Each structure stands twice: as C-alpha cells, then as structure tokens.
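Okay, so here's the structure we're looking at.
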Amino acid sequence: MTVSQTSFGSHEPILDVRDLTVKYIGDTRSTTAVDRVSFSIGTGEVFGLAGESGCGKSTIANSIMRLLKDPAKIAGGSISFGGRDVLAMSTEELRRFRWQDVAMVFQSAMNSLNPVLTIGEQIVDIFTTHAGLSRKESLRRAGELLELVRIDPARLKSYPHQLSGGMRQRAVIAMAVALKPSLLILDEPTTALDVVVQQEIMAQIKELQRELGFSVLFITHDMSLMVELSHRMAVMYGGRIVETARAHDVYADPRHPYTQALMGAFPPLTGPRVPLSGLPDGVKFRNIPDLAEVSPGHLVAPFGADDLSIAHGAGTLEGAAESLQGAVR
Amino acid sequence: MSHSTLSTHTGPGSAGPGPARTDTPALEVRGLGKSFPVGGLFSRDSVRALHGVDLAIGRGEIVALVGESGSGKSTLARCVARLERPSEGSILLDGADVLKRDRFQASRAFRSQLQMVFQDPFGSLNPAHRIGHFLRRSLAIHGKGGRSETETQARLEQLMDTVGLQADMLDSYPHELSGGQRQRVAIARALAVEPQVILADEPTSMLDVSVRIGVLNLMRRLRDEQGISMLYITHDLASARYLADRTAVMFAGELVEEGESLDLLANPAHPYTQLLVSAVPDPARAGSYDPVRRAELRQAVMASTGCAFDGDPDQACSADRPVRHQVGAPENRHWVRCHLYRPRAGAGGHALAADPAAGAPAPAGPPASNISRKASA
Numbered sequence: 003m004t005v006s007q008t009s010f011g012s013h014e015p016i017l018d019v020r021d022l023t024v025k026y027i028g029d030t031r032s033t034t035a036v037d038r039v040s041f042s043i044g045t046g047e048v049f050g051l052a053g054e055s056g057c058g059k060s061t062i063a064n065s066i067m068r069l070l071k072d073p074a075k076i077a078g079g080s081i082s083f084g085g086r087d088v089l090a091m092s093t094e095e096l097r098r099f100r101w102q103d104v105a106m107v108f109q110s111a112m113n114s115l116n117p118v119l120t121i122g123e124q125i126v127d128i129f130t131t132h133a134g135l136s137r138k139e140s141l142r143r144a145g146e147l148l149e150l151v152r153i154d155p156a157r158l159k160s161y162p163h164q165l166s167g168g169m170r171q172r173a174v175i176a177m178a179v180a181l182k183p184s185l186l187i188l189d190e191p192t193t194a195l196d197v198v199v200q201q202e203i204m205a206q207i208k209e210l211q212r213e214l215g216f217s218v219l220f221i222t223h224d225m226s227l228m229v230e231l232s233h234r235m236a237v238m239y240g241g242r243i244v245e246t247a248r249a250h251d252v253y254a255d256p257r258h259p260y261t262q263a264l265m266g267a268f269p270p271l272t273g274p275r276v277p278l279s280g281l282p283d284g285v286k287f288r289n290i291p292d293l294a295e296v297s298p299g300h301l302v303a304p305f306g307a308d309d310l311s312i313a314h315g316a317g318t319l320e321g322a323a324e325s326l327q328g329a330v331r
Numbered sequence: 256m257s258h259s260t261l262s263t264h265t266g267p268g269s270a271g272p273g274p275a276r277t278d279t280p281a282l283e284v285r286g287l288g289k290s291f292p293v294g295g296l297f298s299r300d301s302v303r304a305l306h307g308v309d310l311a312i313g314r315g316e317i318v319a320l321v322g323e324s325g326s327g328k329s330t331l332a333r334c335v336a337r338l339e340r341p342s343e344g345s346i347l348l349d350g351a352d353v354l355k356r357d358r359f360q361a362s363r364a365f366r367s368q369l370q371m372v373f374q375d376p377f378g379s380l381n382p383a384h385r386i387g388h389f390l391r392r393s394l395a396i397h398g399k400g401g402r403s404e405t406e407t408q409a410r411l412e413q414l415m416d417t418v419g420l421q422a423d424m425l426d427s428y429p430h431e432l433s434g435g436q437r438q439r440v441a442i443a444r445a446l447a448v449e450p451q452v453i454l455a456d457e458p459t460s461m462l463d464v465s466v467r468i469g470v471l472n473l474m475r476r477l478r479d480e481q482g483i484s485m486l487y488i489t490h491d492l493a494s495a496r497y498l499a500d501r502t503a504v505m506f507a508g509e510l511v512e513e514g515e516s517l518d519l520l521a522n523p524a525h526p527y528t529q530l531l532v533s534a535v536p537d538p539a540r541a542g543s544y545d546p547v548r549r550a551e552l553r554q555a556v557m558a559s560t561g562c563a564f565d566g567d568p569d570q571a572c573s574a575d576r577p578v579r580h581q582v583g584a585p586e587n588r589h590w591v592r593c594h595l596y597r598p599r600a601g602a603g604g605h606a607l608a609a610d611p612a613a614g615a616p617a618p619a620g621p622p623a624s625n626i627s628r629k630a631s632a
C-alpha cells in the first residue's frame with residue numbers, strides 16, 4: 003500500500019507504521035489479520051481507526067504495544083515511534099516504552115482495575131514503580147490526576163466497585179496519562195457506556211489531549227463518534243485499509259462502498275427519514291488493492307464488482323454488486 | 256440478506272402507520288408497575304423498577320421505547336412478555352386483559368399473539384439444531400404447519416423468503432451463519448407463529464454495524480406488508496427515529512415523554528429527553544457539547560423546580576396524578592410528563608445520577624457529589 007499522506011498539520015509523525023503484516027499461525031492454516039497496513043500519526047494528532055469486529059484494528063493496537071502473543075506473529079513491515087524501531091526493542095526498553103511513551107486504554111478497561119485495591123493504591127503504584135517517586139509524593143500526584151478527570155481526590159480511598167462505570171473508565175484514562183505518554187491508544191473506550199456518559203468521557207479525552215498535547219490512536223466501530231473526535235481516520239476491512247482521509251472528508255464524501263455502508267449504518271438525528279441500506283448480509287470484499295489518491299490527502303482502495311464474494315445462500319452476486327455499484331464510480 | 260430485501264424496502268418517509276387501524280390497540284399497557292424486593296430474606300425494602308406505565312401500540316405500528324440502562328425498559332419488556340409478573344396494572348392484548356385471562360403464566364394463545372426477538376442471536380439459537388428445526392418447532396407447537404409435510408415445507412420456504420434468506424439455509428447450523436443472518440432466523444421463528452405483536456429487545460445492538468440497518472429495514476417491511484405491531488426497545492435514538500412511528504422515553508421506571516418519532520426528537524420537551532438527544536454523537540453538529548448546558552439539564556432532570564407548563568390555564572400541573580402535557584399540535588400525539596412532579600429519582604436511571612462530576616466541570620459544577628455517593632454506595 004502506498005500511503006504517503008502527510009499527517010495533520012506539518013508535524014513530524016510520532017508514530018509511523020509501514021506495511022505492517024500480522025499473521026495468526028495455526029497448526030494447519032494461518033490467517034492474515036493485518037495485511038500491509040501503513041499509516042502515521044503526527045504529534046498532537048487524533049487518528050481514528052474504524053472497522054468492525056475482526057477487521058484487525060485491535061491487532062494493530064496490540065502490535066504497536068508489542069503485546070501480541072502466540073500464535074500471532076508480526077510477519078512484515080515496520081513500526082517506528084519517534085524515530086525508534088519498536089519491533090527491535092529489548093524487554094527492558096519495552097518496559098519503559100509501554101506506559102511512558104505509549105499508553106493504552108482497553109475496551110473493558112473499567113473492569114481491569116484490581117477490585118481488592120483502592121483506586122489510590124493502584125495509581126500510587128504507577129508512580130512508585132515507573133517514576134521512582136516517594137509514596138507521599140505519589141499520593142499527591144495521584145490526587146492531581148483524579149482532579150484532571152474531574153473526580154474528587156477523596157475518591158482515592160474508594161474501591162473500584164464504589165465507583166460508577168463512567169467514573170471507573172475516567173480513572174483508567176487518568177492512569178493511562180499518568181506518565182505523560184506521547185501517544186495514547188484508545189481501543190473502543192466507551193462501548194460499554196450509555197450515550198450521556200460516553201459523550202462526557204469523549205469531551206474529557208479531547209480536553210486532556212488539548213492540555214497535555216499527546217497524540218491519540220482512536221479505535222471504534224462508531225463512525226459518528228470517530229468523525230467527531232478524530233482529525234484523520236482510516237477505515238479497515240479484512241486486515242486492509244480501504245479508505246483514509248481527514249475525518250470530515252470521509253464523513254462528507256465516503257468513496258469506498260464499505261465506508262459508505264458503515265456511514266449508512268448510523269441514521270441521522272435530523273432531516274427527513276431516508277431509506278438507508280447497509281452492507282448486504284454475507285457479502286464480502288476480497289483482494290482489496292493498494293490505496294490510490296482520489297483527492298489531496300484522500301486515499302481509497304479502487305473497487306470493482308469482481309472484488310465481491312457472497313457467502314453461501316446469501317443471494318446472488320450480481321444483485322449485491324448492483325446494489326453497491328450505484329455508489330461506486 | 257439477499258438483494259430481494261434491499262430492493263423491496265419502502266421509503267420510510269412515506270411509510271404511514273400501515274394498514275387500517277381500529278380503535279382497539281394491538282397491545283396496551285395500563286398502570287403497569289413492578290417492584291423487586293431487595294436486601295435479605297426478611298427485608299421489606301423494594302426497588303421500584305416500573306411505576307404507572309401507560310402505553311398503547313396501534314395495529315401496524317412500531318413504537319420505540321428508549322432510555323438509558325437501568326431506566327426500566329427491559330423490565331417493561333419482560334413484564335409484557337410474561338417473563339416477569341408485574342406488581343400492578345394490566346396488559347391488554349387485542350383488548351383482552353391477559354393477566355386475568357391466564358393468571359399464572361403465559362398461555363399458548365398468548366404466545367401465538369405476541370412473540371419476542373432477543374438481543375443476542377448467538378445465544379438464542381441452539382447450536383445443536385439446524386435452522387429448519389427452529390422454524391418447524393414454532394409451526395408445530397402452534398399448529399401452523401399445515402396438514403402435510405409439503406405444506407410445512409412450503410411455509411418454511413416462504414418464511415425464509417420473507418426475512419430475506421435463501422431456502423437452502425434451512426439445513427445450515429447456526430454457527431454457519433453471520434450475526435445478521437442469525438437475527439433474521441430469530442425473526443423468522445417469531446413470524447412462524449403469525450403473531451400480531453413482536454417485542455424486540457435491542458435486536459441490533461449485538462450485530463456488526465454494517466448489517467444493522469438491514470435488520471431494521473426488515474422490521475419495517477414486516478410492519479408495512481404484514482401489519483405487525485412492534486415494540487422496539489433500544490438505547491439508540493437514531494435507530495428509533497429511523498424505524499419507529501412513535502417513540503416513548505423512559506426514565507426511572509416511568510414514561511416521561513412520548514410522541515411521533517420525528518417530532519419528539521426534533522422538539523424534545525422533557526429535560527431527560529433533551530439530555531439523551533444532545534448526547535448522541537452526530538458529526539453534523541460537532542462541537543455541540545456544552546458542559547454548562549449539560550449541568551443545567553442534569554440539574555433539571557434530577558431536581559426540577561418548575562414545569563414549562565406551570566401557569567398554563569389549559570394544562571394545569573398537579574401532584575395528584577402524573578399529568579401529561581400536550582406538546583405542539585395534537586396530531587403529533589406528543590406529550591410530556593409534568594416536570595414539576597417528576598418521577599422519584601434514584602428509583603432507576605442510576606446511570607444519570609451516578610456521574611454528576613462529569614457533567615459539571617469545575618466552573619459550572621453544582622455540588623452534587625452527594626447524589627453520586629448514594630448511587631454508588
């Protein structure tokens with residue numbers, strides 16, 4: 003894939019992923035979960051990665067953190083962070099790299115807190131282990147951290163079950179930014195939360211991002227949410243990026259039929275009710291080619307009707323191609 | 256989904272409430288209440304999950320029930336489906352009080368009138384059986400299979416066609432199907448009984464986003480072509496707007512607002528509805544999040560001091576009974592519960608109460624931390 007897009011603004015890219023290929027190797031067959039994916043994230047930029055379950059977006063996040071375990075294997079490509087080769091790091095380097103350079107908030111992060119330790123103990127632990135601060139100083143910093151995400155510092159003495167889901171999620175985000183990482187990976191940070199809480203957490207992340215100036219890799223399947231938060235975004239399908247552009251360009255002018263289907267999956271809250279059609283059940287894209295530039299900064303994988311396959315019993319290929327073709331130029 | 260589904264869906268804008276509506280609603284709920292006992296064996300405490308819910312669904316009408324988790328919408332569904340015994344109130348199906356008719360559990364007659372589609376299509380189909388088995392069983396139990404095997408087979412194929420699946424999929428096992436296809440099978444299974452009402456509890460929330468809209472289109476088509484009434488329970492306001500003729504908003508176990516979906520979401524009158532609507536991510540109005548406004552709304556929901564209709568001579572406020580104020584023109588059937596006498600907070604809707612700090616960033620923050628303590632304790 004030839005993605006040579008410039009990052010948002012004129013910043014140096016903090017993270018540069020080139021032709022990353024990840025395979026899950028089984029006894030009898032192996033699956034390519036991520037297939038020659040390239041993208042870069044600039045300093046202070048929010049980059050979104052959209053796609054459905056199984057498209058490889060979480061695998062990418064785990065590759066960047068070097069968290070992949072057998073049978074997953076990075077089969078090719080490079081990941082460089084601030085000029086350093088992430089794939090070549092030693093265990094000791096990785097220990098510093100994780101959390102201090104790149105921090106990650108997982109999907110079920112609010113359930114990842116230790117239930118038998120107070121929030122305070124868990125935050126203090128970060129500072130004493132990673133930053134080598136004294137316990138007293140750590141406690142002070144932990145209080146500041148909670149204030150940063152608008153939780154009363156008195157809550158340091160609370161156990162996780164005493165906090166609501168939204169508060170726990172915010173505590174986890176606070177912990178992620180504790181060591182001032184330059185990149186924060188958010189893997190579906192709000193899927194388990196109600197909309198009202200979700201919006202407030204997203205606002206919180208935006209504010210933190212402005213304040214602390216870190217870059218964000220934001221992973222979700224919710225296109226509306228992604229467009230609201232991200233500067234630039236990429237849409238993934240079957241381990242490939244099918245479209246990448248500024249978030250608002252993708253929103254205003256989605257080119258790939260898969261992107262269009264994702265966009266159409268979220269009916270608007272205003273305007274007349276127009277019939278929408280998602281991706282037909284069982285229809286799959288295959289042989290997704292490398293991206294080509296359709297307008298400055300807007301790259302799309304070229305698409306033809308023969309790039310479709312239909313699962314058993316899901317209708318005719320012609321019908322599906324026809325229904326998608328209307329949208330393709 | 257086959258392309259037949261794609262090509263047959265009708266324009267939602269033009270879709271009226273469907274076939275002729277008689278005066279008797281297909282499903283009506285009157286004064287429904289449900290309390291759950293909490294605490295130990297000898298405790299007399301209870302949590303009021305539902306209180307005084309009045310809701311009617313006309314023939315060939317889709318009504319969406321929206322609200323946050325904990326607001327009581329699933330409890331309502333479970334009560335109507337007779338999976339839970341309501342503490343008070345009545346459920347009228349086609350004008351007949353089913354709680355009186357079959358007192359202890361749902362009868363077969365009841366099940367043949369009302370069917371359910373559940374959230375999880377992976378859990379609701381037994382992996383050991385072929386698709387055909389599920390549909391055959393529905394037909395056999397309710398005696399809708401016809402007299403001969405040929406008739407049954409024809410009916411099966413017709414059902415599969417209705418939900419947009421190929422007939423040869425009858426021999427497949429559930430694991431061979433995608434989530435969207437499985438949910439279609441679940442819908443076909445409900446349809447086999449030829450029900451008047453389908454109760455769909457978050458039918459699309461577990462599906463991949465790109466196939467969700469196909470399932471919604473199918474539900475719409477069933478309403479338009481077969482005149483089936485539906486109660487569509489969801490937390491997704493946008494899909495409620497897309498699918499439902501009317502939308503009802505539930506907060507703390509009570510309905511607080513109801514109206515034609517388009518009108519309700521364009522002109523939400525209740526602060527809780529306004530809160531929900533304002534929180535839906537919508538790139539068309541990016542940057543709309545206003546913490547100060549949010550804090551005000553939260554305050555209005557949790558501790559209201561007034562009602563917009565206070566002093567209106569036509570629609571007097573009253574504490575005696577829940578007053579439904581009419582909003583806008585009568586044809587929108589849009590009402591809002593009098594806000595001066597709001598539902599008891601804390602009875603439900605904890606998701607809202609639990610997070611005052613988030614909605615009230617430092618400058619605008621009313622000291623609401625006591626609510627949070629209570630909710631999280």
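Chains A and B, in that order, are what the protein sequence lines are.
Numbering of the first sequence is given in our numbering, commencing with residue 3 and proceeding in unit increments.
Numbering of the second sequence is given in our numbering, commencing with residue 256 and proceeding in unit increments.
We put the CB at the ideal spot given by N, CA and C, even for glycine.
Every value quoted in this text rests on a predicted model; they were computed, and no experiment measured them.
Item, Value
"Please report whether the beta-carbon of Glu-323/B lies at a distance below 8 Å from any beta-carbon of chain A.", "yes"
"Report the residues of the stretch 450-478 of chain B with a CB closer than 9 Å to any CB of chain A, ordered along the chain.", "Asp-463, Val-464, Ser-465, Val-466, Arg-467, Ile-468, Gly-469, Val-470, Leu-471, Asn-472, Arg-475"
"Residues of chain B with a CB under 8 Å from the CB of Leu-227/A: which are they?", "Pro-536"
"At least one CB of chain B closer than 8 Å to the CB of Pro-269/A: is that the case?", "yes"
"Between the beta-carbon of Val-107/A and the beta-carbon of His-233/A, is there less than 8 Å?", "no"
"For Ile-62/A, which of helix, strand or coil comes out of DSSP?", "helix"
"Looking only at its own chain, which residues have a Cβ that is under 6 Å from the Cβ of Thr-528/B, when we skip the five neighbours before and after it?", "Val-504, Glu-512"
"Tyr-253/A CB to nearest chain B CB: under 8 Å?", "yes"
"What does DSSP give as the partner residue(s) for Leu-301/A in the beta ladder?", "Thr-246/A, Glu-295/A"
"What residues are listed by DSSP as bridge partners for Pro-15/A?", "Gly-44/A"
"Taking just the CA atoms, how far does Arg-143/A sit from Asn-174/A?", "Position check: residue 174/A holds Val in this sequence, whereas Asn was assumed. Distance between the alpha carbons of Val-174/A and Arg-143/A: 15 Å."
"Name the DSSP beta bridge partners of Arg-86/A, please?", "Phe-83/A"
"Taking Ser-494/B as the query, report the chain A residues whose CB atoms sit under 9 Å from its CB, ordered along the chain.", "Phe-268, Pro-269"
"By a C-beta neighbour count over all protein chains shown, 10 Å radius and 16 as the cutoff for buried, is Ala-351/B buried or exposed?", "exposed"
"What does the Cβ neighbour count give for Thr-192/A, buried or exposed, with the cut at 16 atoms within 10 Å?", "buried"
"For the candidate residues Gly-167/A, Gly-85/A, Met-235/A, whose alpha-carbon lies nearest to that of Ser-324/B?", "Gly-167/A"
"According to DSSP, is Glu-190/A part of a helix, a strand, or is it coil?", "coil"
"In whole angstroms, give me the CA-to-CA distance for Gln-211/A and Leu-552/B.", "26 Å"
"Compute the distance between the beta-carbons of Ala-455/B and Ile-483/B, then report whether it is under 8 Å.", "no"
"Assign Pro-292/B to one of three DSSP states: helix, strand, or coil.", "strand"
"Flag His-223/A as yes if its beta-carbon sits less than 8 Å from any beta-carbon of chain B, otherwise no.", "yes"
"When you compare the CB positions of Gly-299/A and Arg-242/A, do they come within less than 8 Å of one another, or not?", "no"
"Decide yes or no for the touch test of the stretch 83-92 of chain A against the stretch 258-276 of chain A: beta carbon pairs closer than 8 Å, at least 3 of them.", "no"
"Taking the continuous alpha helix (DSSP H) assigned at Met-557/B, which residues delimit it?", "546-557"
"Starting from Lys-159/A, trace the beta strand (DSSP E) both ways and give me its first and last residue.", "Lys-159/A -> no beta strand (DSSP E), and no H or E assigned at all."
"DSSP three-state label for Val-335/B, please.", "helix"
"What distance in whole Å lies between the Cβ atoms of Leu-287/B and Pro-341/B, which are believed to be in contact at a cut-off of 8 Å?", "5 Å"
"Please state whether DSSP places Ser-232/A in a helix, a strand or coil.", "coil"
"Compare the C-beta of Gly-58/A with all C-beta atoms of chain B and state if any pair is closer than 8 Å.", "no"
"Closest to Val-582/B by CA distance: which of Ala-447/B, His-430/B, Leu-520/B is it?", "Leu-520/B"
"Looking only at C-alpha atoms, which of Leu-147/A, Ile-125/A, Leu-148/A sits nearest to Arg-137/A?", "Ile-125/A"
"Express the C-alpha separation of Arg-38/A and Met-67/A in angstroms, rounding to a whole number.", "18 Å"
"Could you tell me which whole beta strand (DSSP E) segments of length 3 or greater appear in the stretch 436-509 of chain B?", "452-456, 484-489, 501-506"
"Going by C-alpha distance, which of Pro-280/B, Val-466/B, Val-293/B, Asp-309/B is nearest Gly-508/B?", "Asp-309/B"
"In chain order, what residues of the same chain lie with their CB nearer than 8 Å to the CB of Gln-360/B, ignoring the 5 residues before and after it?", "Arg-337"
"Among Asp-292/A, Ile-187/A, Met-265/A, Ile-221/A, whose alpha-carbon lies nearest the alpha-carbon of Ala-52/A?", "Ile-221/A"
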